[in-house]
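Reading through the structure tokens given below for one structure.
In my numbering, the protein residues as written are 12 to 65.
So this is what it looks like as structure tokens:
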């Protein structure tokens, strides 16, 4: 998980309101965009309050 954006938002006293995961099997495959789940969802609640992440 990339925490740099969360830490930068905290430093600037900004809420994190969205998060996503972009992945693909290899450089030739299409990108898959996933919504936050598990630990990412918990980070959104902690760092930015709950913005429809239930």
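The C-beta atom is built at its ideal place from N, Cα and C for all residues, glycine as well.
Just the Cα atoms here: how many angstroms apart are residue 30 and residue 46?
-> 7 angstroms
Proximity winner among 43, 39 and 56, relative to residue 32 (alpha-carbon distances) | 43
Which of helix, strand or coil does DSSP assign to residue 45?
-> strand
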